[in-house]
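Engineer: The structure under discussion is supplied below as structure tokens; questions concerning it will follow.
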Amino acid sequence: MELRQLKTFAIAAEHLNFTKAAKILNFTQPTVSLHIQALEQELNQALFLRIDKKLILTPAGKLLQQYTNELLSTVQKIEQEFLSLSPPKGTITIAAAEAYCTNYLLPITTEYLKRHPKVEIELLSRQTNNVVEGVLNRHYDIGIIAGEMQDSVIANTLLEEEELLFVVSRALYEQFSADQLLTEFPFMRFRTDGYFQHMMDVYIDKLPFIPCQTILVESEKAIKQGIINHKGIGVMASNYVKEELETGELIALRLFEEKIIVKTSLITLEEHLQINTIQSFCEMTKCLWDKIHGWPAYS
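Take the sequence shown: its position 218, counted from the start at 1, is 217 in numbering that gives the first Met the number 0, and no numbers get skipped.
Given below as structure tokens:
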């Protein structure tokens, strides 16, 4: 028995129609009939009967269908297992907010390409809502989002949990009182969307003051640089300013007891985890994400 004959039989047995089987397999109907006849001759058993123009399986046909389905399932598993052993190749399209692209994904993709030079990576800066929609619609293979996503078709990998912090430059902290800092300097607020915007709103609602002036900025990098340059005050995710806090360039003020935690996740379609290239990138991202802050290139 040949595997191609068994595959033909499996389709014909499922649909009980040689014409439909030929169309699915892109064969001619006589080719389907020849494959079935070859199996019947080898097994010395009729596999189909035609009654009132309807095709039915004989007892021998039903038995062969059971064994064929089991065999083809095993063959599929073998093919998938060996495919996973092949080196990653092809193109991965990744979408994330600008800060994730600059501070995390660029160093991670650089490291990934050192190990897998046959892969091409397309890195796109997108807002969270666009990232989620794009992953669901298969426009992007992988997305990095603020928050988490609960969906039966999405694989969500938690990468990071960090605290929102109220930060000022050391120079302003040493020169002005807390009341002056909170009421006399512009409050630079990150303009974003979705989950991160909600968590930022939760944090701001708890602040014990009303900003004298608010500047909406769409770039976290611009806000951090503005605070470092003494142009104002703002709220930032702890890991994004980790280096500046450790060196003392920035100071975090705790204005209320509760900690507001934001999460970062990697998302991809569940079915994409069967693709070696995407799976290997997801694994490396998870492994390297919390190590990025210690890399010399991080800024």
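Glycine included, each C-beta is placed from N, C-alpha and C at the ideal position. Note that the structure is predicted; figures quoted are calculated from it, not measured.
Counting only the same chain and skipping the five closest in sequence on each side, list residues whose C-beta sits under 8 Å from that of Cys211.
Structural biologist: Cβ neighbours of Cys211 beyond the five flanking positions: Thr182, Glu183, Phe184, Pro185, Phe186.
Engineer: Can you look up Ser264 in the DSSP assignment and give me helix, strand or coil?
Structural biologist: strand
Engineer: Report yes if the C-beta distance between Leu287 and Ile35 is below 8 Å; otherwise report no.
Structural biologist: no
Engineer: With distance defined between alpha-carbon atoms, name the residue in Arg3, Glu41, Ile143 nearest to Thr263.
Structural biologist: Ile143
Engineer: Taking the continuous beta strand (DSSP E) assigned at Gly193, which residues delimit it?
Structural biologist: Counting along the chain, Gly193 falls outside any beta strand (DSSP E), though it belongs to the alpha helix (DSSP H) covering 193-204.
Engineer: By Cβ distance below 8 Å, which residues in the same chain neighbour Val216 in space, the five residues on each side in sequence not counted?
Structural biologist: Met187, Arg188, Phe189, Arg190, Ile222, Gly225
Engineer: Can you tell me the Cα-Cα spacing of Lys290 and Leu252, whole angstroms?
Structural biologist: 25 Å
Engineer: If we count the other Cβ atoms within 10 Å of its Cβ and call it buried at 16 or more, is Ser168 buried or exposed?
Structural biologist: buried
Engineer: Enumerate in chain order the residues of its own chain whose CB-to-CB distance from Thr101 is below 8 Å, with the five nearest sequence positions on each side excluded.
Structural biologist: Lys220
Engineer: Among Leu268, Thr90, Thr284, Leu272, which one has its Cα closest to the Cα of Val130?
Structural biologist: Leu268
Engineer: Where Ala299 and Ile266 are concerned, what is the direct C-alpha to C-alpha distance, given to the nearest angstrom?
Structural biologist: With the chain represented from 0 up to 298, any question about residue 299 goes unanswered, as that position is not in the structure.
Engineer: In this structure, does DSSP put Met187 in helix, strand or coil?
Structural biologist: strand
Engineer: Hey, could you find the ends of the beta strand (DSSP E) Leu244 is sitting in?
Structural biologist: For Leu244, there is no enclosing beta strand (DSSP E); the enclosing alpha helix (DSSP H) has its first and last residue at 241-246.
Engineer: Applying the 10 Å Cβ sphere with the 16-neighbour rule, what's the burial state of Asp200?
Structural biologist: With fewer than 16 other CB atoms across the displayed protein chains lying within 10 angstroms of its CB, Asp200 is exposed.
Engineer: Residues bridged to Asn155 by DSSP?
Structural biologist: Ile266
Engineer: Note down the Cα distance separating Asn16 from Leu54, rounded to an integer number of angstroms.
Structural biologist: 7 Å
Engineer: Could you spell out the range, first to last residue, of the alpha helix (DSSP H) harbouring Phe280?
Structural biologist: 275-287
Engineer: Looking only at C-alpha atoms, which of Leu164, Glu110, Gly146 sits nearest to Tyr194?
Structural biologist: With distances taken between CA atoms, Tyr194 lies nearest to Gly146 out of Leu164, Glu110, Gly146.
Engineer: Count the CB pairs spanning the segment 14-30 and the segment 70-81 that are closer than 8 Å, and state whether there are at least three.
Structural biologist: no
Engineer: Would you tell me roughly how many angstroms separate the C-alpha atoms of Asp140 and Ile93, rounded to the nearest one?
Structural biologist: 6 Å
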